[in-house]
Amino acid sequence: MLEPWIFIALLLGAGMLLPGVTIVANWLLAPKKPNPIKQSIYECGIETVGETYIQLKGGYYIYALIFVVFDIEAVFMFPWAVAFDKLQLYMVMEGVIFILILAAGLAYAWRKGVLEWV
Amino acid sequence: MLTLTQIVFLVAAAITLLASFMVVTCRSMVHAALWLIMALAGVAVFFVLLNAGFLAVVQVAVYIDAIAIMIIVVVMLTRHSMGIQDRQTNKTWWAAVIAALLMFGGLVLMFTQAPLLGAEAPALTMGSEALLEELGLALVDVDRYIVPFEVASVLLLTALVGSIIVAWPGRKSQDLEDQS
Amino acid sequence: MVAFLNDPFTWTGSLLRSWLEGLGLAPDLVTFLLQVVGAFVLGTTLLMLTFILIWAERKIVARIQDRLGPNRVGPYGVFQTVADLLKLVTKELITPTGADVIPYNLAPLLAVMAVVGVWAVIPLAPTLIGASINVGVLYIVAVGAIGTLGIMVAGMSSNNKYALLGAFRTVAMMVSYAVPMMIALLIPVLLSGSMDMETIVEAQSPIAFIILAPFAALIFFVSSLAEVGRAPFDLLEAESEIVAGFHIEYSGLKFGMFFVGEFLHAFTISALTATLFLGGWQGPWAELYPLLGLFYFIIKTSIVYFVVIWIRGSFPRIRIDHINNLNWKLITPLALASLIVAAIAEKVATEFGINRLGIHVGANAFLFMITLAAIRLNARGARSRVKANSVNKSVAASSGSSPGS
Numbered sequence: 001m002l003e004p005w006i007f008i009a010l011l012l013g014a015g016m017l018l019p020g021v022t023i024v025a026n027w028l029l030a031p032k033k034p035n036p037i038k039q040s041i042y043e044c045g046i047e048t049v050g051e052t053y054i055q056l057k058g059g060y061y062i063y064a065l066i067f068v069v070f071d072i073e074a075v076f077m078f079p080w081a082v083a084f085d086k087l088q089l090y091m092v093m094e095g096v097i098f099i100l101i102l103a104a105g106l107a108y109a110w111r112k113g114v115l116e117w118v
Numbered sequence: 119m120l121t122l123t124q125i126v127f128l129v130a131a132a133i134t135l136l137a138s139f140m141v142v143t144c145r146s147m148v149h150a151a152l153w154l155i156m157a158l159a160g161v162a163v164f165f166v167l168l169n170a171g172f173l174a175v176v177q178v179a180v181y182i183d184a185i186a187i188m189i190i191v192v193v194m195l196t197r198h199s200m201g202i203q204d205r206q207t208n209k210t211w212w213a214a215v216i217a218a219l220l221m222f223g224g225l226v227l228m229f230t231q232a233p234l235l236g237a238e239a240p241a242l243t244m245g246s247e248a249l250l251e252e253l254g255l256a257l258v259d260v261d262r263y264i265v266p267f268e269v270a271s272v273l274l275l276t277a278l279v280g281s282i283i284v285a286w287p288g289r290k291s292q293d294l295e296d297q298s
Numbered sequence: 299m300v301a302f303l304n305d306p307f308t309w310t311g312s313l314l315r316s317w318l319e320g321l322g323l324a325p326d327l328v329t330f331l332l333q334v335v336g337a338f339v340l341g342t343t344l345l346m347l348t349f350i351l352i353w354a355e356r357k358i359v360a361r362i363q364d365r366l367g368p369n370r371v372g373p374y375g376v377f378q379t380v381a382d383l384l385k386l387v388t389k390e391l392i393t394p395t396g397a398d399v400i401p402y403n404l405a406p407l408l409a410v411m412a413v414v415g416v417w418a419v420i421p422l423a424p425t426l427i428g429a430s431i432n433v434g435v436l437y438i439v440a441v442g443a444i445g446t447l448g449i450m451v452a453g454m455s456s457n458n459k460y461a462l463l464g465a466f467r468t469v470a471m472m473v474s475y476a477v478p479m480m481i482a483l484l485i486p487v488l489l490s491g492s493m494d495m496e497t498i499v500e501a502q503s504p505i506a507f508i509i510l511a512p513f514a515a516l517i518f519f520v521s522s523l524a525e526v527g528r529a530p531f532d533l534l535e536a537e538s539e540i541v542a543g544f545h546i547e548y549s550g551l552k553f554g555m556f557f558v559g560e561f562l563h564a565f566t567i568s569a570l571t572a573t574l575f576l577g578g579w580q581g582p583w584a585e586l587y588p589l590l591g592l593f594y595f596i597i598k599t600s601i602v603y604f605v606v607i608w609i610r611g612s613f614p615r616i617r618i619d620h621i622n623n624l625n626w627k628l629i630t631p632l633a634l635a636s637l638i639v640a641a642i643a644e645k646v647a648t649e650f651g652i653n654r655l656g657i658h659v660g661a662n663a664f665l666f667m668i669t670l671a672a673i674r675l676n677a678r679g680a681r682s683r684v685k686a687n688s689v690n691k692s693v694a695a696s697s698g699s700s701p702g703s
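Protein chains in written order, with the numbering used here: chain G, 1 to 118; chain F, 119 to 298; chain C, 299 to 703.
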């Protein structure tokens, strides 16, 4: 039962190990002559003003939250879609109602002007 | 002799514990968020070991992809997210320690008394594919979980509307400011 | 020999297995070793594939723009990418001051891992799939989105304001486009009744899902293009605005790994589109000869990948507010609508015994008409608003300039 998951773990491991090995090879081959100017932030241009960790605007938070909401919706809908062959018509309509309730949320956000990028 | 499953479990448990410990002790909020992601990934490994592939994938899809990203965005909304020089404790730290110890002791007591330790896990009555279908059917069956299913949708709607009301300044007020 | 030609993958696997068991190893250990071999072969093949992908893309884009493209190193310039790699390998790895060293170095690895990991569940041929799990589709969503995390970590750890801004722009776009992508992914699951990628491919035996659900295929393709951050959605590296976005502080192969991840991701979404909507390895006699199935899969994937490059060569970069509007005001509502339409059409077809193909195509055509009408209505409204604005402005201008005349 766990066999496919072992493969996934191995493939994810390989996906990190192989680039890691090439980067290490790069580190071994490359010259290492650090100096403060070379390592300064945004070396080839004008340095930025102020702290790097700026405060983001609130819009990003709402996008992230809309994503969370629809992500959870999809997680609920996937078992419904898997069982689709066995569902009766009214059960399908319940799924549709589930979608429509969330679509109302999207419509509310749209109406409020949240979806405009400023 | 440990089996492969047990080794994986021990490693994942150690990583999860370490990561959760770092979440609460880290000084930088960004680092704490990254440790939190590691702890959540450890939990996904537990789900795989429990033969609950669906929950493992949901754990990654919901917690690591969606909620962790939202937490990082929220961290970036605060000021000085990188280095906080304030003290991490306050005057009532001893009360928190006592509460945590009581909670931990109670949990340990409960687990040792419950007949779960050493019990053989019951075999699954159906394949994992059929289980997933059963879950889907149960969610929309009138006799089973249809009400929680639709209420979940309403809950998500509430979260969406609530966050917009709290976090959105509103276009009208901005426009007025621009005009004035 | 005949057995090899019939099914080389199973044949090679059983040969290796019998050889290893002949050495006196336990069967469990042999399985594990075979999986290690399989994982590393798959991972290495994918990373090596990037050489060809980058060359092909540069060559095709050059032809679209009426240039020659790389043509010096090797025949038709095929070894250009190898030369580029050799150059990158000898570049100094510069870590900017104030960078968060561990996340900074981990981010490129995460970006590659997320892409390579997706290939575990893609059926390459009837008998060739890395991990046959029953939650394959959700796995793709979950693992693919780890790449978003890699970008975010890269932007936050390099201690550069441009990188940070670029990363968060990217993340906002990626999470936005993940919404219609997931909804579009529900449709093949619904039509085949399974999240297992193998079952989805098998369910497309008579009719591929692109015919039953053309809207879902289009939405999935477009939103995954945005997920990859490919042109025309490549504003995360808009040079004029945020220099190069999240990877500005990376050098040498650490930068190269983001590059590899991006190209491989573009190929991966081509493979996913081919698998989920074009029938994967399905084709004449594919079941009999798995090698032929692999061939069909590669052909279909290459065609989709060509379209990806074609789009890159044809469309200008979209402005960020337009990207945002396109997603939230067109693609996401359309995805929700097409999911509802597909669900009802599929159920009505099975309940009342109506022709499945006919009702799906009809429903999608109906949806297409409505979408077109909505877009036209919206465009008309926008035009009249612009016209009213310009009239107001000209009135204001003429009244304002009257004292001078």
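Just so it is clear, CB atoms sit at the ideal spot from N, CA and C, and this is done for glycine as well.
6 Å Cβ shell around residue i - same chain, five flanking residues per side excluded
i: C:I420; result: A569, T573
i: C:L483; result: V435
Reduced DSSP category for residue i - H, G, I as helix; E, B as strand; rest coil
i: G:A74; result: helix
i: C:L321; result: coil
i: G:L89; result: helix
i: F:E251; result: helix
i: C:V371; result: coil
i: G:E3; result: helix
i: F:E295; result: Legend: pLDDT at F:E295 = 45, less than 50; position of this residue unreliable, no value from coordinates given.
i: G:I99; result: helix
i: C:D326; result: helix
i: F:I189; result: helix
i: F:S146; result: coil
i: C:A584; result: coil
i: F:P287; result: coil
i: C:L366; result: coil
i: F:V163; result: helix
In DSSP terms, what residue i is bridged to
i: C:L426; result: C:A423
Cβ shell of residue i (< 7 Å), same chain only, five flanking positions each side left out
i: C:A635; result: L665
i: F:V161; result: T134, Q177
i: C:M472; result: T446, E525
i: F:Y263; result: A256, L257
i: C:H545; result: A452, F553, F556
i: C:L551; result: L386, V387
i: C:L632; result: F513, I517, T669
Closer than 8 Å to chain F by CB, residue i
i: G:V96; result: no
i: C:V473; result: yes
i: G:M91; result: yes
i: C:F449; result: Phe is not the amino acid found at residue 449 of chain C; the sequence shown has Ile there. It does not; no Cβ of chain F falls within 8 Å.
i: C:M454; result: yes
i: C:S492; result: yes
i: C:L318; result: no
i: G:E73; result: yes
i: G:G105; result: yes
Below-8 Å beta-carbon distance, residue i vs any chain G residue
i: C:M495; result: no
i: F:W286; result: yes
i: C:S503; result: no
i: C:G428; result: yes
i: F:G254; result: yes
i: C:F604; result: no
Chain C contact for residue i (CB, 8 Å cutoff)
i: G:A30; result: yes
i: G:F76; result: no
i: G:V82; result: yes
Cβ-based neighbour list, residue i, same chain, cut-off 8 Å, excluding 5 preceding and 5 following
i: C:A511; result: I485, P486, L489, F575, S636, A640, H658, N662
Exercise. Please go through the segment 618-667 of chain C and give each complete beta strand (DSSP E) segment of 3 or more residues, from N-terminal end onward.
Key: none
Quiz prompt | Those runs of the alpha helix (DSSP H) which lie wholly inside the segment 550-579 of chain C and span at least 4 residues | solution = 550-575
Quiz item: At what residue ranges does the segment 385-419 of chain C contain a whole run of the alpha helix (DSSP H), taking only runs of 4 or more?
Solution: 399-416
Quiz item: In the segment 207-247 of chain F, which residue ranges form an unbroken alpha helix (DSSP H) of at least 4 residues, counting only runs that do not cross its ends?
Solution: 211-231
Quiz item: Quick one: complete alpha helix (DSSP H) runs, 4+ long, within the segment 1-39 of chain G?
Solution: 3-29
Exercise. Tell me the start and end of each unbroken alpha helix (DSSP H) in the segment 421-485 of chain C that is at least 4 residues and wholly inside, in chain order.
Key: 434-442, 444-455
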